Amino acid sequence: MRYDYLIVGAGLFGATFARQAADAGKKCLVIDKRDVIGGNVHTREEHGIQVHKYGAHIFHTSDKRVWDYVSGFAEFNNFVNSPIARYGEELYNLPFNMNTFSKMWGIATPEEARKIIDEQKKEGYKENPANLEEQAISLVGRDIYEKLIKGYTRKQWGRECTELPAFIIKRLPVRFTYDNNYFNDRYQGIPIGGYTAMVERMLSGIEVRLGTSYEDFLEKNAVSEEPESFSRVIYTGPVDEYFRHKLGYLEYRSLRFEEEYLPDCDNYQGNAAVNYTSADVPYTRIIEHKHFEFGKGEGTVITREYPGEWKIGDEPYYPVNDDRNNELYSKYKELADAEKDVIFGGRLGVYKYYDMDKVIASALDLAEKEL
Ligand code: FAD
Ligand code: UDP
653 MRYDYLIVGA
663 GLFGATFARQ
673 AADAGKKCLV
683 IDKRDVIGGN
693 VHTREEHGIQ
703 VHKYGAHIFH
713 TSDKRVWDYV
723 SGFAEFNNFV
733 NSPIARYGEE
743 LYNLPFNMNT
753 FSKMWGIATP
763 EEARKIIDEQ
773 KKEGYKENPA
783 NLEEQAISLV
793 GRDIYEKLIK
803 GYTRKQWGRE
813 CTELPAFIIK
823 RLPVRFTYDN
833 NYFNDRYQGI
843 PIGGYTAMVE
853 RMLSGIEVRL
863 GTSYEDFLEK
873 NAVSEEPESF
883 SRVIYTGPVD
893 EYFRHKLGYL
903 EYRSLRFEEE
913 YLPDCDNYQG
923 NAAVNYTSAD
933 VPYTRIIEHK
943 HFEFGKGEGT
953 VITREYPGEW
963 KIGDEPYYPV
973 NDDRNNELYS
983 KYKELADAEK
993 DVIFGGRLGV
1003 YKYYDMDKVI
1013 ASALDLAEKE
1023 L
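653 is the number of the first residue of the sequence shown in my numbering; add one for each residue after it.
This is the structure in structure tokens:
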């Protein structure tokens, strides 16, 4: 069999590119080493609840092209992410906004909040924050940094805030209004019926082989009596793994998901996401999946998320975009650019802390260029 594209990875990058290529009349084969489609957005229905098997995924974007695109494959509900941060027995609203400031300092007006933050950031203030700690203190002051950021970030990234890039905390809005929406984007929601159904529609009519790693596939193909051939490969796995780590290992953060079904509990925590921000709780957050769909289902399913350093055999969930890794990645990128007829894409293929919308936008861009 002859294919135009072998697409490695049935996540959002692979599925978007495959859909565009198939619609342009190209013959595609999608493979994934996992037994399921969707990559990290994969959901599975359990007890009438769509469970986000690889961590909570809330779709949000300001890119109309991307929103229109995904809306062609799913109807989105009107879920708005408003996580709660729990520090010991204290509860705060996220992202950092007037509700957070009011609870922290017993104040009511934006002016009072600004005054306290200005006061707290004076000490050690730098015009151009060089790391996450400096950036956080200059945005929200020391109290919030100490209670809501320091411990959580250390658990999530396994590094001190002084060793992490400032951009990580700039993902979160800081607002001087009483608005708990975690995102500033124009469009937001969860696909009704789950992400897996959405990706299934994206891949409809396209050949997909699950439980098939690229390495095994190539090995078997090489000794097959009727080998399959491809004009090009789209590779969405880890770029350093593709090159067999010949320049060294890129670092990733991994996660362990501890899922629990509570048949007799209708509502465990009253919110989809509760972040545990103190260093002495080993997990970063608890997700209660039914709240992504406003409480459907029997009983409830919760997932605790435990971060850890990636080691061989683990799933690499987050690239660690600090200076050391970015520098090593730039060397891998040179190899990747020189690799004939292989295109690297997606969060792992280009080693970037991308959200779903950025992944889809980059796959659409590639498709426009390529097809
Ligand atoms: P992936 O989803 O990682 O897909 C890559 C696929 O390639 C995987 O299925 C993998 O099995 C397969 N693969 C890898 N190597 C090989 C190989 N050698 N052979 C065969 N197959 C291979 N984004 C948001 O916008 N909103 C959120 O709320 C959000 N929450 C997140 C929460 C968590 C815990 C995580 C980890 C990420 C979150 N994201 C979120 C980011 C989002 O998951 C990614 O942007 C998106 O899923 C990346 O898609 P992808 O196709 O690039 O990669
Ligand atoms: N963060 C934090 N406390 C929180 C939530 C987030 O300190 O309660 C910091 C942390 O460093 C995290 C970053 O903000 O890695 C980005 O948070 P986001 O929720 O975007 O992370 P993701 O959902 O990608 O894991």
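For glycine and all other residues, C-beta sits at the position ideal for the given N, C-alpha and C. Everything numeric in this text was worked out from a predicted model, so none of it was measured.
>> Using a Cβ-Cβ cutoff of less than 6 Å, which residues in the same chain neighbour M653 once the five nearest sequence positions on both sides are dropped?
In response: For this step, residue 653 is matched to residue 1 along the sequence shown. Same-chain partners within the cutoff: E880.
> Along the chain, where does the beta strand (DSSP E) that runs through N832 open and close?
Replying inline: For the purposes of this step, residue 832 is taken as residue 180 along the sequence shown, with counting starting at 1. Per DSSP, N832 belongs to no beta strand (DSSP E) and is neither H nor E.
>> Assuming N745 is part of the beta strand (DSSP E), what are its boundary residues?
In response: As a working mapping, residue 745 is identified with position 93 in the sequence shown. Counting along the chain, the beta strand (DSSP E) containing N745 begins and ends at E742 to N745.
> In terms of alpha-carbon separation, which member of N745, P781, G793 and Q787 lies closest to I768?
Replying inline: By 1-based counting over the sequence shown, the position of residue 768 is 116. Considering only alpha carbons, the answer is G793.
> Among the residues of its own chain, which have a CB less than 6 Å from the CB of E911, if the five just before and after it don't count?
Replying inline: Residue mapping note: residue 911 aligns to position 259 of the sequence shown, counting from 1. Excluding sequence neighbours, E911 sits near T955.
> How would you write the range of the alpha helix (DSSP H) that Q772 sits in, first residue to last?
Replying inline: Here residue 772 is taken as the residue at index 120 of the sequence shown, counted from 1. Looking at the DSSP string, the run of the alpha helix (DSSP H) that includes Q772 is P762 to K774.
>> Quick test of your reading: L784 and L816, contact by CB under 8 Å. State the CB separation rounded to the nearest angstrom.
In response: As a first step, residue 784 is located in the sequence shown; it is residue number 132 there, counting from the start. As a first step, residue 816 is located in the sequence shown; it is residue number 164 there, counting from the start. A Cβ-Cβ separation of about 4 Å places L784 in contact with L816 under the 8 Å criterion.
> Is it the case that the CB of I821 approaches a heavy atom of ligand 2 more closely than 6 Å?
Replying inline: Numbered from 1 along the sequence shown, position 169 holds the residue referred to as residue 821. I821 Cβ: within cutoff of ligand 2.
> For the stretch 673–757, which segments carrying the beta strand (DSSP E) assignment without a break, of at least 3 residues, lie completely within its bounds, in sequence order?
Replying inline: 680–683, 695–698, 701–704, 711–713, 736–739 and 742–745
> Span of the beta strand (DSSP E) holding Y920?
Replying inline: Counting from one through the sequence shown, the residue named residue 920 turns up at place 268. Element bounds for Y920: n/a, residue is neither H nor E.
> In three-state terms, what does DSSP make of V972?
Replying inline: Here the question's residue 972 lines up with position 320 in the sequence shown. If DSSP states are grouped into helix, strand and coil, V972 belongs with coil.
>> Does the distance between the C-beta of Q840 and the nearest non-hydrogen atom of ligand 2 fall short of 6 Å?
In response: Start at 1 with the first residue of the sequence shown, and residue 840 comes out as number 188. Result no, Cβ not under 6 Å from ligand 2.
> Per the contact definition of three or more C-beta pairs closer than 8 Å, is the stretch 867–882 in contact with the stretch 940–947?
Replying inline: no
> How is the beta strand (DSSP E) around T952 delimited, first residue to last?
Replying inline: Here the question's residue 952 lines up with position 300 in the sequence shown. Here the beta strand (DSSP E) through T952 covers T952 to E961.
>> Assuming contact is defined by CB atoms lying nearer than 7 Å, are F725 and T888 in contact in what I supplied?
In response: Residue numbering aside, residue 725 sits at position 73 when the sequence shown is read from its first letter. Residue numbering aside, residue 888 sits at position 236 when the sequence shown is read from its first letter. Result no, Cβ atoms of F725 and T888 do not sit closer than 7 Å.
> For L980 versus G900, is the C-beta spacing smaller than 7 Å?
Replying inline: Locating residue 980 in the sequence shown gives position 328, where the first residue counts as 1. Locating residue 900 in the sequence shown gives position 248, where the first residue counts as 1. G900 is positioned such that its CB atom lies closer than 7 Å to that of L980.
>> Using a Cβ-based criterion (distance less than 6 Å to any ligand heavy atom), does R999 qualify as near ligand 1?
In response: For this step, residue 999 is matched to residue 347 along the sequence shown. Yes, the Cβ of R999 comes within 6 Å of a heavy atom of ligand 1.
> Excluding the five sequence neighbours on either side, which residues of its own chain have a C-beta within less than 6 Å of the C-beta of I789, listed in chain order?
Replying inline: Translated into the one-based positions of the sequence shown, residue 789 becomes position 137. Answer for I789: K773 and Y797, listed in chain order.
> What are the complete alpha helix (DSSP H) segments, minimum 4 residues, inside the stretch 795–831?
Replying inline: 802–809 and 819–822
> Sorry if obvious, but does the Cβ on N927 come closer than 6 Å to a heavy atom of ligand 2?
Replying inline: On the sequence shown, residue 927 is found 275 positions in, with the first residue counted as 1. Under cutoff, so the answer is yes.
> What residue does the beta strand (DSSP E) around I886 start on, and which one ends it?
Replying inline: By 1-based counting over the sequence shown, the position of residue 886 is 234. It spans S881 to Y887 - the beta strand (DSSP E) in which I886 sits, taken as one unbroken run.
> Just to confirm, are G803 and E961 a CB contact at a threshold of 7 Å?
Replying inline: Locating residue 803 in the sequence shown gives position 151, counting from the first residue. Locating residue 961 in the sequence shown gives position 309, counting from the first residue. For G803 and E961, no; Cβs fall outside 7 Å.
> With respect to the beta strand (DSSP E) encompassing I1012, which residues constitute its N-terminal and C-terminal limits?
Replying inline: Numbered from its first residue, the sequence shown carries residue 1012 at position 360. That residue, I1012, is in no beta strand (DSSP E); its alpha helix (DSSP H) goes M1008 to E1022.
>> Is A737 a contact residue of ligand 4, with contact defined as CB to any heavy atom under 6 Å?
In response: Only ligand 1 and ligand 2 can be found as ligands here, which leaves ligand 4 out of the picture.
>> Less than 6 Å separating the Cβ of Y804 from some heavy atom of ligand 2?
In response: Indexing the sequence shown from 1 puts residue 804 at position 152. Result yes, Cβ under 6 Å from ligand 2.
>> Given 6 Å as the limit, tell me if N973 has its C-beta closer than that to any heavy atom belonging to ligand 1.
In response: In the sequence shown, the residue the question calls residue 973 occupies position 321. Outside the cutoff, so no.
> Where does R999 land, buried or exposed, given buried means 16+ other C-beta within 10 angstroms?
Replying inline: Reading the sequence shown from its first residue, position 347 is the one you call residue 999. Buried is the call here.
> Nearest-angstrom Cα distance between V722 and Y847?
Replying inline: The residue given as residue 722 occupies position 70 in the sequence shown. The residue given as residue 847 occupies position 195 in the sequence shown. In a straight line, the C-alpha of V722 is about 10 Å away from that of Y847.
> Across which residues does DSSP place Y657 in a beta bridge pair?
Replying inline: Working through the sequence shown from its first residue, we reach residue 657 at position 5. Looking at the DSSP assignment, Y657 forms a beta bridge with C680 and R884.
> Given a threshold of 16 other Cβ atoms within 10 Å of its Cβ, counted over all protein chains shown, does I886 qualify as buried or as exposed?
Replying inline: As a position in the sequence shown, residue 886 is number 234, starting the count at 1. That one is buried.
>> Please report the straight-line C-alpha distance between E950 and N733, rounded to a whole angstrom.
In response: Your numbering for residue 950 matches position 298 in the sequence shown. Your numbering for residue 733 matches position 81 in the sequence shown. If I take the Cα positions, the gap works out to 22 Å.
> Would you call T814 buried or exposed, if buried means 16 or more other Cβ atoms sit within 10 Å of its Cβ?
Replying inline: Here residue 814 is taken as the residue at index 162 of the sequence shown, counted from 1. Exposed, by the Cβ-count rule.
> When burial is assigned at 16 or more other CB atoms within 10 Å of the CB, is E957 buried or exposed?
Replying inline: Counted from its first residue, the sequence shown places residue 957 at position 305. Flag for E957 reads buried.
> Under the rule that 16 or more other beta-carbon atoms within 10 Å means buried, what is P934, buried or exposed?
Replying inline: Against the sequence shown, residue 934 aligns to sequence position 282. That one is exposed.
>> Using C-beta distances below 6 Å, list every residue in its chain close to Y655, excluding the 5 sequence neighbours before and after it, in chain order.
In response: Counting from one through the sequence shown, the residue named residue 655 turns up at place 3. Here the set comprises K679, L681 and F882.
>> Assuming the contact rule is C-beta atoms closer than 8 Å, L1018 and F669 should be a hit. Round their C-beta distance to whole Å, please.
In response: As a working note, residue 1018 is residue 366 in the sequence shown. As a working note, residue 669 is residue 17 in the sequence shown. Going by Cβ atoms, the distance from L1018 to F669 rounds to 6 Å, so yes, they are a contact pair.
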